[in-house]
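**Q**
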Amino acid sequence: MSIRPLADRVLIEPTAAEEVTLGGIIIPDSAKEKPLRGKVLAVGNGTKDEDMVLKVGDEVLYGKYAGTEIEYEGTKYIMMRQSDVLAVID
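Heads up, the final residue of the sequence shown is numbered 97 in the numbering used here, and it's a clean run with no missing numbers.
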């Protein structure tokens, strides 16, 4: 990965949203809820006040409006602070 987060930030690849159908009507991507689960692809070093507890490969849950969406080489990612991550899924 050529994106390296700084400080207490993590780079997350969102898990794809499941396609929802209602009686044969397919709901477009723009109307689907944003995924709340993803995989950590890169982590920063932490800050002097907060150690980095997340690691590459962790499956995490995050808030609906957490982070900033970025697109790199045609793939969408979310960059957020470690404190925006709600939980690690074991």
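Using N, Cα and C, we set each Cβ at its ideal position, and we do this for glycine too.
(1) How about the stretch 17-24 and the stretch 80-94: do they share at least three Cβ pairs that are nearer than 8 Å?
(2) Could you tell me the alpha carbon to alpha carbon distance between LEU43 and TYR69, rounded to whole angstroms?
(3) For ASP97, which beta-bridge partners are listed by DSSP?
(4) According to DSSP, is ASP6 helix, strand or coil?
(5) Once you ignore the five residues that flank LEU61 on each side, which residues in its own chain have a CB closer than 8 Å to its CB?
(6) Looking at C-alpha atoms only, which residue of ALA14, GLY45, SER9, ARG11 is the closest neighbour of ALA73?
(7) Mapping the DSSP letters down to three states, classify MET59 as helix, strand or coil.
**A** For this structure:
(1) yes
(2) Here residue 43 refers to the residue found at position 36 of the sequence shown. Here residue 69 refers to the residue found at position 62 of the sequence shown. Their Cα atoms are separated by approximately 5 Å.
(3) Here residue 97 refers to the residue found at position 90 of the sequence shown. In the DSSP output, where bridge partners are listed per residue, ASP97 has none listed.
(4) An answer regarding residue 6 cannot be provided, because it is not within the stretch 8 to 97 covered by the chain.
(5) The residue labelled residue 61 in the question sits at position 54 within the sequence shown. Taken in chain order, the residues that qualify are VAL17, VAL47, VAL50, VAL67, GLN89, VAL92, VAL95.
(6) For this step, residue 73 is matched to residue 66 along the sequence shown. The option with the nearest alpha carbon to ALA73 is GLY45.
(7) Working through the sequence shown from its first residue, we reach residue 59 at position 52. MET59: coil per DSSP, three-state reduction.
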